[in-house]
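See structure below.
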Amino acid sequence: MNNPFMLYAKGLAMGAADVVPGVSGGTVAFITGIYDELLRSIAAIPVAATQLLRGRVGQAWNTANANFLLILFAGILTSVFSLAKLISYLLEAHPIPVWSFFFGLILVSVHLIRRDVSHWGPSRLVAFVAGVAIAYWITVAAPMQWSDSAWSLFLAGAIAICAMILPGISGSFILVLLGLYPTVLAAVKGLDLAVLVVFASGCLVGILSFARLLGWLLQRWRDLTLALLTGLMLGSLNKVWPWKETLTWQLDAHGERAPLLQQNLSPAGYAAYAGEDPQLLLAIAMALAGVLLVVGLEWFAKRQSLVAESV
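To get my numbering, take the position in the sequence shown, counting from 1, and add 260.
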């Protein structure tokens, strides 16, 4: 809160990540140093709501850390509603550079979060391997097709928002697995309030419940939880690998074909499969850009922390 503009920018980055199937806004929150505060603030909302009902407005505001949440979520929502069309276009027109950028971003984030584990004993290694296995299984799971009924949208919102605050598991990709990503993205683009209100209600219920659980786990078994989250992030790299072969397709909300089930290829294998330039040098450059961005964000977050401590 020492720099509201920077907090808003972190929200913008989280929202941009959440729009991309395979990239988690929780990853961005982690690497920008606001993850623990975000969980604490969200978990405190039910208590703040009780205080508000008793007329203690100021106390409720401080309990929920409302300034922090409002600025951050303003950035997230701004990004989601303004970048949905742009990111959809970039993923369709320039998939290799975009996926390469996020691959580099997540890869270096794995290293940074791994350093926060104070001791890598057997239990941490088991949690790490479990995280890798869970994330990898999610990325290769066969998609389902939930209906777009109000109950399905509500439940999908509750599940997806839990994934969105988990580093390494993308809420957008969960929606892809449930077959509801085109429905929700079309609602965002077209401002379909009937769909958005139901989906947002599910998100609210899910995030209030899950943030408290995750915050408690980080407080009680921090090393074990961080090891699991590190594994989740590493396992999710399977989803953001830039070179893919599409095995099956689905129709999106506009009746156009969109990839459904894909498998990873080597750059040479992609060139042979697609008959296109794999853009290897550009892919490496974009991955390095993702690495440099995360390193820069970490440096800036540490610098902010030192400044705050010195005040």
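Just so you know, even glycine gets a beta-carbon here, dropped at the ideal spot from N, CA and C. Quick caveat, the model's predicted, so the values are computed rather than measured.
Sub-8 Å separation of residue i and residue j beta-carbons
{"i": "A308", "j": "A324", "result": "yes"}
{"i": "I467", "j": "I302", "result": "yes"}
{"i": "A549", "j": "G275", "result": "no"}
{"i": "A296", "j": "L478", "result": "Per the sequence presented here, residue 296 reads as Asp, with Ala not at that position. Yes, Cβ-Cβ distance for D296 and L478 is below 8 Å."}
{"i": "I394", "j": "M493", "result": "no"}
{"i": "M424", "j": "G293", "result": "no"}
{"i": "L215", "j": "V455", "result": "Outside the shown range of the chain (261 to 571) lies residue 215, about which nothing can therefore be said."}
{"i": "H379", "j": "D452", "result": "no"}
{"i": "L272", "j": "S369", "result": "no"}
{"i": "G495", "j": "A387", "result": "no"}
{"i": "I291", "j": "L489", "result": "no"}
{"i": "A471", "j": "L299", "result": "yes"}
{"i": "L267", "j": "L332", "result": "yes"}
{"i": "A418", "j": "C463", "result": "yes"}
Helix, strand or coil at residue i [DSSP, three-state]
{"i": "K270", "result": "helix"}
{"i": "L332", "result": "helix"}
{"i": "E558", "result": "helix"}
{"i": "L351", "result": "helix"}
{"i": "N498", "result": "coil"}
{"i": "S369", "result": "helix"}
{"i": "L299", "result": "helix"}
{"i": "P538", "result": "coil"}
{"i": "T338", "result": "helix"}
{"i": "V465", "result": "helix"}
{"i": "L419", "result": "At residue 419 the sequence reads Ile, which differs from the Leu that was named. Three-state DSSP puts I419 in a helix."}
{"i": "A324", "result": "coil"}
{"i": "I294", "result": "coil"}
{"i": "P284", "result": "One detail in the question is off: residue 284 reads as Ser in this sequence, not Pro. Looking at S284 - three-state DSSP - the assignment turns out to be coil, as it is neither helix nor strand."}
{"i": "L451", "result": "coil"}
{"i": "P264", "result": "helix"}
{"i": "I425", "result": "coil"}
{"i": "W359", "result": "helix"}
{"i": "S383", "result": "helix"}
{"i": "S407", "result": "coil"}
{"i": "S412", "result": "helix"}
Best match in the options for proximity to residue i [C-alpha to C-alpha]
{"i": "S360", "options": "L474, L299 and L541", "result": "L541"}
{"i": "F362", "options": "I434, L484, L497 and V465", "result": "L497"}
{"i": "A446", "options": "V280, A344 and P538", "result": "A344"}
{"i": "V358", "options": "S284, M546, G556 and R563", "result": "M546"}
{"i": "V444", "options": "L332, Y396, N263 and D408", "result": "D408"}
{"i": "Y533", "options": "N327, L507, L299 and I305", "result": "L507"}
{"i": "A326", "options": "V555, I305, P527 and R384", "result": "I305"}
{"i": "S342", "options": "V448, W481 and V551", "result": "V448"}
{"i": "W501", "options": "A320, G439, L367 and Y349", "result": "L367"}
{"i": "W411", "options": "T399, V392 and A460", "result": "A460"}
According to DSSP, residues forming a beta bridge with residue i
{"i": "K504", "result": "N524"}
Local Cβ density within 10 Å of residue i, reported as buried at 16 or more and exposed below that
{"i": "Y441", "result": "buried"}
{"i": "L437", "result": "buried"}
{"i": "F265", "result": "exposed"}
{"i": "A401", "result": "exposed"}
{"i": "A289", "result": "buried"}
{"i": "K562", "result": "exposed"}
{"i": "Y530", "result": "buried"}
{"i": "P397", "result": "Looking at the sequence shown, residue 397 is not Pro but Trp. Exposed, by the Cβ-count rule."}
{"i": "I503", "result": "In the sequence as displayed, the identity of residue 503 is Trp instead of Ile. With 16 or more Cβ atoms within 10 Å of its Cβ, W503 is classed as buried."}
{"i": "S432", "result": "buried"}
{"i": "I544", "result": "exposed"}
{"i": "S526", "result": "exposed"}
{"i": "P538", "result": "buried"}
Near the ligand SAM: residue i beta-carbon under 7 Å from a heavy atom
{"i": "A410", "result": "Among the ligands in the structure shown, none appear at all, so the ligand SAM cannot be discussed."}
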